[in-house]
Amino acid sequence: MKLYHVINSLRFGGAENLVVDLLVQFNATVEGKIVIILLDGVETPLKRKLSEHKNINIVSLGTSLYSPNIFIQLIKLLKDADVIHVHLFPALYWVSLTHFFSCNKAKLIFTEHSTENNRRNKLIFKILDRIIYNQFYKIVCISNSTQSNLLKHIGLGYENVCTIINNGVNLKQIDDSIALNRTEIACNKNDIILLQVASFRAAKDQPTVLKALSKLPQNVKLVFIGEGPSLKSCQSLAAKLNIEKRVHFLGIKSNVGDYMKMSDIIVVSSNYEGFGIVAVEGMACRKPVIASNVPGLSEVVINHGVLFEKGNSEELKNKIVQLINNQLLYEQISDKCFLRSRAFNIKLVAQSYLNLYKK
1 MKLYHVINSL RFGGAENLVV DLLVQFNATV EGKIVIILLD GVETPLKRKL SEHKNINIVS
61 LGTSLYSPNI FIQLIKLLKD ADVIHVHLFP ALYWVSLTHF FSCNKAKLIF TEHSTENNRR
121 NKLIFKILDR IIYNQFYKIV CISNSTQSNL LKHIGLGYEN VCTIINNGVN LKQIDDSIAL
181 NRTEIACNKN DIILLQVASF RAAKDQPTVL KALSKLPQNV KLVFIGEGPS LKSCQSLAAK
241 LNIEKRVHFL GIKSNVGDYM KMSDIIVVSS NYEGFGIVAV EGMACRKPVI ASNVPGLSEV
301 VINHGVLFEK GNSEELKNKI VQLINNQLLY EQISDKCFLR SRAFNIKLVA QSYLNLYKK
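With full-length UniProt numbering, the residue at position 259 of the sequence shown is 259, and numbering never jumps.
Here you go:
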């Protein structure tokens, strides 16, 4: 099998993590050629991680995501593919157009990673997306909510093209993680550490977590892992709320599991989320996960972790206080979260995709 994955980049994000974990699994099980094409070939920890696997070919186009040169390069690169698996926009559009004009016979698969995107607010993209998605053999949705929201956008006529494969994480890698010493972030055993792992952009809603922290006791500290366009505004908000000494902005880290095991509570405050890989990773570390009650994410967390109304910092604060003040509840939620995480093993996810490739 000549298997190609195409994605915008391997920057920090859930889709990017999934692709890397899948390719590592395929590297051990798939006979043939495995290639990942990055429209933006910027160096990142995820790209370096993938480069350690010598049988996975990494092709970086190193250009703007909207450069017409992408079309020409993809026609050349994908001509011998058996399966082309695409992730995210605009890679979605580029591969669909390439496939149409080159008459390539490869099987096209797209994974829909989100319940919302900016294109769905514009009529022109509703029309264009129907044409683009029509090129694909299968559209894989990572949750029930992801599928239902997509079908509202492109029409129920695509029901037979869509299928659901939940995301997964490398449970062994997380199980092998070792908690960092709290002194590395100037915290001690009496501190309560909240952790959020997410890129800094509006969809992840870090301001709600900062506002909740400002209402919590002084021994509650907050750690952010991630980078992005809203980082500076969040740092400014922390200063405005007079909590900057209790907030640690650590940037991108490759050993997220070590930080999760050091922490007490994992917070996922997204305004929308297709699935919630970070929530599963936190659960796998046997930590209570508090997440916003939004489609996709709630499917993962409900009845196991704790949900709060998105954007409601007061309710988030109250949920955190409940866990801090009730050790029995804390342990019960932690155990339920851990058991829930076992359902999302990347090995099972990889096998589901392989079955789809071979159909």
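Ideal Cβ positions, reconstructed from N, Cα and C, are used throughout, including at glycine. All of these numbers come straight from a predicted model, not from anything done at the bench.
Endpoints, the beta strand (DSSP E) within which residue i is located
{"i": "Ile56", "result": "Ile56 to Ser60"}
{"i": "Phe110", "result": "Lys107 to Glu112"}
{"i": "Leu65", "result": "Premise fails: Leu65 is in no beta strand (DSSP E) and is neither H nor E."}
{"i": "Val197", "result": "Ile192 to Val197"}
Residue range of the alpha helix (DSSP H) that includes residue i
{"i": "His85", "result": "Premise fails: His85 lies in the beta strand (DSSP E), Val83 to His87, not in any alpha helix (DSSP H)."}
{"i": "Ile124", "result": "Leu123 to Tyr133"}
{"i": "Val256", "result": "Val256 to Met262"}
{"i": "Ile174", "result": "Leu171 to Asp175"}
{"i": "Glu315", "result": "Ser313 to Asn325"}
{"i": "Lys49", "result": "Pro45 to Ser51"}
{"i": "Tyr93", "result": "Ala91 to Ser102"}
Residue i - partner residues in DSSP beta bridges
{"i": "Ser292", "result": "Phe308"}
{"i": "Phe249", "result": "Phe224"}
{"i": "Lys33", "result": "Lys2"}
{"i": "Ile265", "result": "Leu194"}
{"i": "Asn345", "result": "Val169"}
Residue i - DSSP class collapsed to helix/strand/coil
{"i": "His5", "result": "strand"}
{"i": "Cys337", "result": "helix"}
{"i": "Cys162", "result": "strand"}
{"i": "Glu273", "result": "strand"}
{"i": "Asn117", "result": "coil"}
{"i": "Ile142", "result": "coil"}
{"i": "Leu39", "result": "coil"}
{"i": "Asn303", "result": "coil"}
{"i": "Tyr353", "result": "helix"}
{"i": "Glu239", "result": "The sequence shown places Ala at residue 239, not Glu. Reduced to three states, the DSSP call for Ala239 is helix."}
{"i": "Phe12", "result": "coil"}
{"i": "Gln218", "result": "coil"}
{"i": "Ser233", "result": "helix"}
{"i": "Phe26", "result": "helix"}
{"i": "Gly282", "result": "helix"}
{"i": "Tyr137", "result": "coil"}
{"i": "Gly157", "result": "helix"}
{"i": "Ala179", "result": "coil"}
{"i": "Asp80", "result": "coil"}
{"i": "Ala203", "result": "helix"}
{"i": "Lys287", "result": "coil"}
{"i": "Lys211", "result": "helix"}
Whole-number beta carbon distance between residue j and residue i, since they are thought to touch under 8 Å
{"i": "Met283", "j": "Ser341", "result": "4 Å"}
{"i": "Ala356", "j": "Lys138", "result": "The question names Ala, yet the displayed sequence has Leu at residue 356. About 6 Å separates the two Cβ atoms, so the contact holds."}
{"i": "Lys49", "j": "Ser254", "result": "7 Å"}
{"i": "Glu299", "j": "Asn144", "result": "6 Å"}
{"i": "Phe308", "j": "Asn326", "result": "Wrong, their Cβ atoms sit about 16 Å apart, outside the cutoff."}
{"i": "Asp205", "j": "Ser270", "result": "6 Å"}
{"i": "Ile58", "j": "Ser67", "result": "19 Å between Cβ atoms; not a contact."}
{"i": "Ile70", "j": "Leu77", "result": "Contact flag wrong, Cβ pair sits at about 10 Å."}
{"i": "Asp191", "j": "Arg182", "result": "7 Å"}
{"i": "Cys187", "j": "Ile178", "result": "About 17 Å separates the two Cβ atoms, so there is no contact after all."}
Proximity test, Cβ basis, 8 Å: residue i and chain C
{"i": "Leu156", "result": "In the displayed structure, chain C is absent; only one protein chain is listed."}
> Below 8 Å, can you find three or more Cβ-Cβ pairs linking the segment 335–351 to the segment 164–177?
Replying inline: yes
> How about the segment 286–298 and the segment 242–255: do they share at least three Cβ pairs that are nearer than 8 Å?
Replying inline: no
> Per the contact definition of three or more C-beta pairs closer than 8 Å, is the segment 130–149 in contact with the segment 232–246?
Replying inline: no
>> Check whether the segment 4–20 and the segment 80–95 are in contact - that is, three or more C-beta pairs closer than 8 Å.
In response: yes
> Below 8 Å, can you find three or more Cβ-Cβ pairs linking the segment 118–129 to the segment 100–108?
Replying inline: no
>> Is it the case that the segment 153–162 contacts the segment 224–236, given that we only count it when at least three CB pairs across the two stretches are under 8 Å?
In response: no
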